[in-house]
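Start counting the sequence shown at 1099; every next residue gets the next number (my numbering). The C-beta atom is built at its ideal place from N, Cα and C for all residues, glycine as well. Predicted model only: the values in this text are computed from it and were never measured. All remarks here apply to the structure that follows.
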Amino acid sequence: MPKEHILLFDGVCHFCDRTVQFVIKHDKKAVFKFASLQSDAGQMLLIRHHLPLQDFDSFVYVNNDRVYTKSTAALHVLKELGGAFKLTFILIAIPRTIRDFGYSILAKNRYKWFGRKESCTLPSSEVRERFLS
1099 MPKEHILLFD GVCHFCDRTV QFVIKHDKKA VFKFASLQSD AGQMLLIRHH LPLQDFDSFV
1159 YVNNDRVYTK STAALHVLKE LGGAFKLTFI LIAIPRTIRD FGYSILAKNR YKWFGRKESC
1219 TLPSSEVRER FLS
């Protein structure tokens, strides 16, 4: 059974969109799939993993049956990208409450600092199949 690597992100957040574009660019093996938290696929995954349906302040990484949120999700994604990004995983040693404090500041201010979109960005045709509907 192939490994499941799904990133759930806020589909109307410019910073979140840039994060997805970063992952696409550096995901040389094209293992990651994507869904906005607001989409039907995103909502179904949230239900399946018993996560809140309206909390769009967290980046969610689903790795098979393991679910990571906030800073832990980001660190696991960077680790999976490999190369020099893998080195950032050492930050997992910092207590999660401290890591998530910084993450929460960014999450709470992301619209003010980076802007908000009216709708999700449509992916290019070459990466469209990596997005769940």
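Out of curiosity, what's the CA-to-CA distance linking residue i and residue j?
i, j, result
"residue 1054", "residue 1177", "Examination of residue 1054 is not possible in this model, given that the chain is present from 1099 through 1231 alone."
"residue 1108", "residue 1136", "7 Å"
"residue 1230", "residue 1145", "15 Å"
"residue 1152", "residue 1228", "24 Å"
"residue 1165", "residue 1101", "13 Å"
"residue 1134", "residue 1222", "16 Å"
"residue 1127", "residue 1180", "10 Å"
"residue 1104", "residue 1174", "12 Å"
"residue 1200", "residue 1208", "12 Å"
Given residue i, which residues of its chain have a CB within under 7 Å of its CB, disregarding the five upstream and five downstream residues?
i, result
"residue 1172", "1157"
"residue 1226", "none"
"residue 1099", "For residue 1099, the pLDDT reaches just 46, beneath the cut-off of 50, and the residue's location in the model is therefore unreliable, although a value from the coordinates is still provided. Excluding positions up to five away in sequence, the list is empty."
"residue 1141", "1151"
"residue 1143", "1104, 1106, 1133, 1160"
Counting only the same chain and skipping the five closest in sequence on each side, list residues whose C-beta sits under 6 Å from that of residue i.
i, result
"residue 1155", "1205"
Quick one: what does DSSP say residue i is sitting in, helix, strand or coil?
i, result
"residue 1099", "Note that residue 1099 scores a pLDDT of 46, beneath 50, so its modelled location is shaky and nothing firm can be said."
"residue 1120", "helix"
"residue 1130", "coil"
"residue 1161", "strand"
"residue 1192", "coil"
"residue 1111", "strand"
"residue 1185", "helix"
Using a 10 Å radius around the Cβ and a threshold of 16 neighbouring Cβ atoms, would you call residue i buried or exposed?
i, result
"residue 1169", "buried"
"residue 1163", "exposed"
Residue j and residue i - do their beta-carbons sit closer together than 8 Å?
i, j, result
"residue 1124", "residue 1183", "yes"
"residue 1114", "residue 1214", "no"
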